[in-house]
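Reading through the structure tokens given below for one structure.
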Amino acid sequence: MDVARQQDLQNQIAARVAESLVDVDWAEATLFLLQVGEVSRTWLDALDAAGSTKQDLPTPDVEALGTRLREAMADPERGTWFSLVLTLSSDGSFTARFNGERRVFDDAASPFEAIGDEVVPTDADYAADLARFPRADKYRPEWLPGDAATASSAAEGSTTAPSSTPPAAALPASLFSLDGRWGWPGVLASVAQQTAASPVASSPEATPTDESDAPELSLGQLALRVRDAVVLDVIAPHRVATLLRLHAEAVAAGVLPAVDAVESVDPERGLEEARVASPEVVPAVEAAVASVVDAIVAEHLQAVVA
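Counting with the numbering used here, you get residues 267 to 572 for the letters of the sequence shown.
Pasting the structure below:
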């Protein structure tokens, strides 16, 4: 892989985003780029210096650059990424995060989907993407179609989850009152999916030492990694309404205490904007929900790793 070319393409994408905002008063912008098979989506969020969301932003023309970046970053063993999140400051500095392990806004067991998102990648799209950017079995998440039969079925239009998709995590006994409540079945499914996608051993049959470059993580480190991936999967990409609803369901179930002034949070705000607008409330709600996710992750890891 040509690292210099990769950096140049990222620089071009960042510059294209900045150019699209030339007539906008902005301090920080976040580009979301999804490319899987024939599905490509681009959207942009931006905040001004006061932390307010900017409305009616133009969509930067970065699709072709994204395609070239995927090709430049493709590895014959590891494939390439499915989605990119690039956060750009008005001073020109930026960070880029790549996801090549998780389904993008698409989980049949989850109620979550990107706001305004009418097209998400199907199994057929992931199968086509894998054919274009092959991966060695050891770098293929369990949910990703990997054989000709699965890919053929997906290409014919099947949108059912691959048979290797792990079953949802179970609720700890102390959290049984959350069973069936809005949003939490999706969290359970995501916990299992993110655990299965971990590059370290996540089942009794797996052995981390089989891969010399696999990170050696303690159970606690793995739990944090999975928790963070779950948050990125089911909470971070959406309006703060998702977080508030998860919290409300947990409060109603007697799992969490209420948070003062939670009703003052505008549910239509994005999560980042809500943190700025309600700095005393939103972080408290996030911490409360995260504590429940932590308990689910810990129970699940004990079951599959022990």
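Cβ atoms here follow ideal geometry from the backbone N, Cα and C, with glycine treated the same way.
In the assembly as shown, L510 is a buried residue. Its beta-carbon has 16 or more other beta-carbons within 10 Å.
Closest in C-alpha terms to V290, from the list R307, S318 and T461, comes S318.
In the DSSP annotation of this structure, Q321 is not part of any alpha helix (DSSP H), being labelled neither H nor E. Out of A540, V525, V571 and R491, the CA that lies nearest to the CA of D560 is found in R491.
The beta carbon of L299 sits closer than 6 Å to the beta carbons of T308, G332 and L350 from its chain, once the five residues preceding and following it are set aside; these are given in chain order. Sixteen is the threshold: when 16 or more other Cβ atoms of the shown chains lie within 10 Å of the Cβ of R369, as they do, the residue is buried. With a threshold of 16 other beta carbon atoms within 10 Å, T346 meets it and is buried. The beta carbon of E337 sits closer than 8 Å to those of T346, all from its chain and outside the five residues before and after it, given in chain order. For L510, the three-state secondary structure derived from DSSP is helix.
A straight-line Cα-Cα distance of about 6 Å links A295 and D311. Taking M339 as the centre and dropping the five residues before and after it, the same chain places the C-beta of M267, Q272, T346, W347 and F364 closer than 8 Å to its C-beta, in chain order. Sixteen is the threshold: since fewer than 16 other Cβ atoms of the shown chains lie within 10 Å of the Cβ of R398, the residue is exposed. For E294, the enclosing beta strand (DSSP E) starts and ends at E294 to V302.
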